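Below is one structure, written out as structure tokens; comments come after it.
In the UniProt record's numbering, the protein residues as written are 1 to 109.
The following block contains the structure:
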């Protein structure tokens, strides 16, 4: 399992150990971990795309150079939204989070 998948699994399980109302620390870590899951996935994919030099990857590189702008815009928006959520979870101690916010963060990934 990749680091990205491990982080996403962790984000899913963080709010669960608390019966009833989960602890804010677990909810905040879940949102932050979902962000790092997407970050890890993007870094790994980008590195593999840029570094790979074998002929087998040439069709992928050709496709990526003509990538559909809407797809890239969707990924960029998802990344930005998740980063904003992570900043709130990590630094805004006045805000109270709910499980639904954690679920939305994971669905982005």
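Yeah, the Cβ is synthetic: ideal placement off N, Cα and C, and Gly gets one too. Just so we're clear, the structure is a prediction, and the values are computed from it rather than from any experiment.
query	result
From which residue to which residue does the alpha helix (DSSP H) around residue 13 run?	3-13
Leaving out five residues before and five after residue 2 in sequence, what residues of the same chain have Cβ atoms less than 8 Å from its Cβ?	40, 41 and 44
Whose C-alpha, out of 32, 94 and 95, is nearest the C-alpha of residue 106?	32
What does a CB cutoff of less than 7 Å around residue 95 pick up in its chain, not counting 5 residues either side in sequence?	88
Tell me which residue opens and which closes the alpha helix (DSSP H) that residue 88 is part of.	69-91
Measuring straight from C-alpha to C-alpha, what distance separates residue 6 and residue 58?	29 Å
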